[in-house]
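Scroll down for the structure; my scribbles are underneath it.
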Amino acid sequence: MDTAGRTQKPSFGQTEINWDKLDKTKFYVVGAGIFTGITVALYPISVVKTRLQVASHDAVEKNAMSVIKGLLKTDGIPGLYKGFGTVVTGAIPTRILFLTALETTKVAALKMIEPFKLSEPTQAALANGVAGMMASFCSQAVFVPVDVVSQRLMVQGYSGHATYTGGLDVVRKVVKSDGIRGLYRGFGLSVLTYSPSSAVWWATYGASQRVIWRLLGDGNAAPSEGKIVLVQAAGGISAGATASFVTTPLDTIKTRLQVTGHEKRPTTKQVVRSLIADDGWIGLYRGLGPRFFSMSAWGTSMILAYEYLKRVCAKDD
């Protein structure tokens, strides 16, 4: 059986650029700028989603619009960017780890499943799923402390949560009360949330592209740039919808654990009971709307930028 790149239909094969064909230095430098721009554009969605997930039962702000209005009223536009500096600082090393692990694992996984002669969508789902899970797992060492600090800044002063002077103040207070372990609060749940979420996202994205190209049935015709972008965007939206529905309950629990102060630290079981007591089982899906929009918007923007970046950074043969 030929390698995955040669067995794909020509229309899809012309849209995929392998890791070994990239100028890595250019990829990381240009990528840092592109992904920072995406973060600036979409960061407010994360703030709104996080506030909805940690709101107390009697909170006035019950939906995304009321959260946005409340932030704008009290803090103006800067309120939508609480914790942004911390996220941007940690984003570069996190993404370098993630993308490197993603691409190298994907290549290895494709070679391992090649002898099983599976269909192209199944091959793509398995290889991308394994790669997405491994990439997420590797990046958690950097991501979790950034997540803990940024989320505390996002919800400071909201629904009874503490206030801070900045990211370093959060680190200092967390370490003082809980030690270094405090910066890894929710690490297990983060792995359980983001690794499966990443696996589902990348598996859906990889498989859906093959299915879409097959349905288009272009044969040997080279696809236009516009068609490539549309297919990749459709794959990103499908991936965001699937991953957000599957993983929102774990994300809600993880967020509550990470933002709760030392003096009233709940267990995972207590968080689940509290959510169910307040809103029933639907309480586990608090923030599903913003999370779906966030994952779809983040994912689609990220994947379009990522695929564009690979085309820009491809080495000339």
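Residue numbering for the sequence shown follows the numbering used here, starting at 38 and increasing by one per position.
A virtual CB, placed ideally from N, CA and C, is assigned to each residue, including glycine.
If you measure from the beta carbon of residue i to each beta carbon in chain C, is any gap under 8 Å?
i      : result
Gly263 : The structure shown contains no chain C; it is built from a single protein chain.
Who does residue i pair with in a DSSP beta bridge?
i      : result
Leu89  : According to DSSP, Leu89 bridges with nothing at all.
Ala355 : The question about residue 355 has no answer here: the residues shown for the chain are numbered 38 through 354.
Residue i: which of the options sits nearest, CA to CA?
i      : options                        : result
Ala178 : Lys143, Ile133, Leu163         : Ile133
Gln246 : Thr297, Leu226, Ala271         : Ala271
Thr279 : Gly243, Thr141, Ala145, Trp250 : Gly243
Pro286 : Thr337, Ala161, Ala240, Gln90  : Gln90
Phe224 : Phe180, Val192, Thr241         : Phe180
Ser83  : Phe135, Phe329, Val309, Gly317 : Phe329
Ser235 : Leu312, Gly203, Leu136, Arg251 : Leu136
Val104 : Ser173, Gly219, Val192, Thr141 : Val192
Val273 : Leu341, Pro115, Ala145         : First, the residue type needs correcting, since residue 273 is Gly and not Val in the sequence shown. Nearest option by C-alpha distance: Leu341.
Thr131 : Leu226, Thr141, Tyr65, Phe153  : Tyr65
Phe174 : Gly203, Leu229, Lys148         : Leu229
Whole angstroms is fine: what's the gap from residue i's alpha carbon to residue j's?
i      : j      : result
Leu346 : Ala314 : 47 Å
Trp335 : Lys264 : 20 Å
Val185 : Leu253 : 44 Å
Lys119 : Gly194 : 11 Å
Leu163 : Val208 : 38 Å
Lys352 : Asn100 : 47 Å
Lys291 : Lys306 : 12 Å
Val211 : Ile217 : 8 Å
Gln188 : Arg88  : 9 Å
Leu312 : Gln160 : 39 Å
Ser338 : Trp239 : 14 Å
Tyr343 : Gly68  : 8 Å
Thr80  : Val124 : Looking at the sequence shown, residue 80 is not Thr but Tyr. Taking the straight line from one Cα to the other gives about 9 Å.
Thr304 : Arg310 : 10 Å
Arg323 : Glu151 : 41 Å
Thr44  : Val308 : At Thr44 the pLDDT is 42, less than 50, meaning the model places this residue with poor confidence; the figure from the coordinates comes in the next sentence. Straight-line Cα distance between these residues: approximately 48 Å.
Thr73  : Val183 : 15 Å
Cys350 : Asp206 : 39 Å
Trp56  : Met149 : 17 Å
Trp318 : Arg293 : 16 Å
Leu325 : Leu117 : 19 Å
Thr141 : Ala168 : 8 Å
Tell me which residue opens and which closes the alpha helix (DSSP H) that residue i is part of.
i      : result
Thr366 : What the structure shows of the chain is the stretch from 38 to 354, and residue 366 is not part of that stretch, so it cannot be assessed.
Glu140 : 121-150
Ile290 : 262-296
Trp318 : Here Trp318 belongs to no alpha helix (DSSP H), and DSSP marks it neither H nor E.
Lys110 : 101-112
request  = Could you pull out every unbroken alpha helix (DSSP H) segment of at least 4 residues lying fully inside the stretch 196-254, listed in chain order?
outcome  = 204-215, 224-253
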